[in-house]
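The numbering of the sequence shown is the numbering used here, which starts it at 7 and goes up by one.
Okay, structure first, notes after.
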Amino acid sequence: MPERRRAIRRSSRRPSPGRGSRGNRPARSPWLGARWDEPTQNERLRTAYEAGLIDYVEVNYPLMPGGSPDVSPTAPILVHCPINPIASVHGFNRALARQVRAAAIEHGSPWIGEHLCWAGPGPEGRLGYIVNPLFCDAVRDAAIENARALTAFYGRPIALELAPVYDSTGTFDSEVHFLASVARAADTHVIFDLAHWTASNRNLRRPADFGLDVLEPERIVELHLAGIRSGRSGRFWHDSHGDVPEEELLELTAHLARRLPRLAAVTFEHAEDAPEADFMRTLERLRRVLG
């Protein structure tokens with residue numbers, strides 16, 4: 007058994023935000039994980055886990071009917087929920103949150119990932135896709151209230167994530183400034199999705215590094231990494247779980263892993279119908295750059 011796997015099994019078997027050591031450098035390398043979306047991914051994720059390429063699996067809850075993650079009894083699970091309307095003036099969906107809370111308790115998830123979205127007050131908590139809020143003071147205040155209440159309801163931290171942005175709306179300088187304001191006031195963690203951020207910067211024709219200096223580094227506990235692609239019109243960019251990350255994003259991941267003082271996890275998102283060889287090669291590359 008690889009030494010890294012033995013060390014993980016001796017520990018609490020779940021990532022947690024680390025304390026900085028020298029300067030802003032993390033005390034240890036972040037864990038590397040992969041997103042689970044469908045039962046058809048079980049085999050490739052199991053292979054990656056047993057090979058020491060991933061340390062955990064991140065799963066969206068509530069689970070869709072028809073399957074559940076079956077990677078390994080020892081594989082830690084990070085709980086994620088992309089569909090609860092955190093930025094809705096109607097409040098978050100409590101029935102949905104109860105299911106997410108139960109999963110977090112079952113798996114001992116150190117935090118719960120949540121999208122900073124407005125997704126409608128319907129019983130299912132979604133409108134078919136993640137809908138960004140208006141980035142204005144009134145919505146910010148609602149998001150702060152919801153984030154505080156949801157943190158208390160879960161009994162553990164939440165980590166807020168942004169979806170891709172296709173237009174500039176509201177009174178904030180950007181969606182990144184909006185996220186920073188909500189996270190600071192509600193005292194939440196942040197998931198920095200590099201593909202979403204890159205797509206947003208291209209969609210709004212901003213500099214490639216726009217927003218890197220806006221988020222408080224100590225709030226970022228997780229990175230999401232995926233491919234990006236141009237839409238049919240050639241005007242807009244989208245994150246793409248069917249593609250591998252661009253070289254610049256892999257290099258940025260390595261840079262941020264050295265700089266973010268509380269970074270605990272890096273999650274690679276790759277679709278179940280995308281080539282398994284691409285999945286494994288990207289994990290091997292990430293394992294090398296993360297240490």
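Yeah, the Cβ is synthetic: ideal placement off N, Cα and C, and Gly gets one too.
Start and end residues, alpha helix (DSSP H) containing residue i
i, result
"ALA201", "200–209"
"THR259", "253–265"
Length of the line joining the Cα atoms of residue i and residue j
i, j, result
"ALA263", "GLY97", "34 Å"
"TRP117", "VAL85", "7 Å"
"PHE216", "LEU255", "14 Å"
"ARG12", "LEU156", "Legend: pLDDT at ARG12 = 32, less than 50; position of this residue unreliable, no value from coordinates given."
"VAL106", "PRO267", "28 Å"
"VAL295", "TYR62", "18 Å"
"PHE184", "ALA158", "22 Å"
"CYS142", "GLY176", "5 Å"
"GLY126", "LEU168", "Any reading at GLY126 must be qualified, since the residue scores a pLDDT of 47, below 50, and its modelled position is unreliable; no value is offered."
"VAL145", "GLU278", "35 Å"
"TYR67", "PRO281", "25 Å"
"PRO75", "ASN48", "6 Å"
"ALA109", "ARG265", "31 Å"
"GLU222", "PHE274", "22 Å"
"HIS261", "SER35", "12 Å"
"ARG238", "ASN209", "14 Å"
"ASN138", "VAL171", "7 Å"
"ALA192", "ARG225", "11 Å"
"GLU253", "THR53", "25 Å"
"ARG41", "HIS195", "19 Å"
"LEU214", "VAL220", "Note that residue 214 is Ala in the sequence shown, not Leu. The straight-line gap from Cα to Cα measures roughly 14 Å."
"LEU133", "VAL65", "Residue placement at LEU133 cannot be trusted, given a pLDDT of 44 that sits under 50; what the coordinates show is reported in the next sentence. Their backbone Cα atoms lie some 20 Å apart in a straight line."
Three-state class that DSSP yields for residue i in the structure shown
i, result
"SER187", "helix"
"ALA148", "helix"
"ASP298", "No statement about residue 298 is possible, as the shown extent of the chain runs from 7 to 297 and does not include it."
"PRO111", "Strictly speaking, residue 111 in this sequence is Ile, with Pro absent from that position. Helix at ILE111."
"LEU235", "In the sequence under discussion, the amino acid at residue 235 is Arg, which differs from the Leu named in the question. Of the three classes helix, strand and coil, the one that applies to ARG235 here is strand, per DSSP."
"ALA159", "Per the sequence shown, residue 159 should be read as Phe rather than Ala. Reduced to three states, the DSSP call for PHE159 is helix."
"GLU228", "strand"
"VAL220", "coil"
"ASP193", "coil"
"ALA169", "coil"
Start-to-end residues for the beta strand (DSSP E) that takes in residue i
i, result
"VAL272", "271–274"
"ASP284", "Note, ASP284: premise wrong, no beta strand (DSSP E); alpha helix (DSSP H) at 282–296."
"TRP124", "First-last for TRP124: undefined, no H or E at that position."
"HIS244", "243–246"
Residue nearest to residue i in terms of C-alpha spacing, selected from the options
i, options, result
"ARG162", "VAL137, LEU38, SER35, ILE111", "ILE111"
"GLY72", "ARG50, THR46, GLY58, ASN90", "THR46"
"GLY248", "PHE285, GLU228, ILE89", "PHE285"
"ILE55", "LEU69, ALA81, TRP42", "Contrary to the premise, residue 55 reads as Tyr rather than Ile in this sequence. When each option's Cα is compared against that of TYR55, the closest is ALA81."
"PRO79", "SER246, HIS113, HIS261", "HIS113"
"HIS276", "ARG268, ALA232, ILE197", "ALA232"
"PRO251", "ALA271, VAL227, THR204, SER239", "THR204"
"VAL95", "TYR172, LEU38, TRP124, LEU69", "TRP124"
"ALA165", "THR259, GLY119, ASP245", "GLY119"
"PRO91", "ALA108, GLY58, LEU221, ILE150", "ILE150"
"LEU292", "LEU229, ASN48, TRP243, PRO281", "LEU229"
"ARG100", "ASN152, PHE242, LEU69, ALA40", "ASN152"
"CYS87", "ASP43, GLY58, ILE234", "ASP43"
"LEU59", "LEU69, HIS244, GLY39", "GLY39"
"ARG235", "THR194, HIS121, HIS202, THR288", "HIS202"
"LEU2", "PHE242, ASP179, VAL188, ILE83", "With the chain covering only 7 through 297, there is no way to say anything about residue 2."
"ASP199", "PHE178, VAL182, ARG190, ALA192", "VAL182"
"ARG190", "ASP179, ASP147, THR53, TRP37", "ASP147"
"MET70", "LEU102, VAL77, ARG50", "LEU102"
"HIS244", "VAL77, ALA186, GLU290, ASN207", "ASN207"
"LEU258", "ILE136, LEU218, ALA186, ALA93", "LEU218"
Cβ of residue i within 9 Å of any chain B Cβ
i, result
"THR53", "Any reference to chain B falls outside this structure, which holds one protein chain only."
Subject >> Continuous alpha helix (DSSP H) assignments of at least 4 residues falling wholly in the region 24–103 >> reply: 48–56
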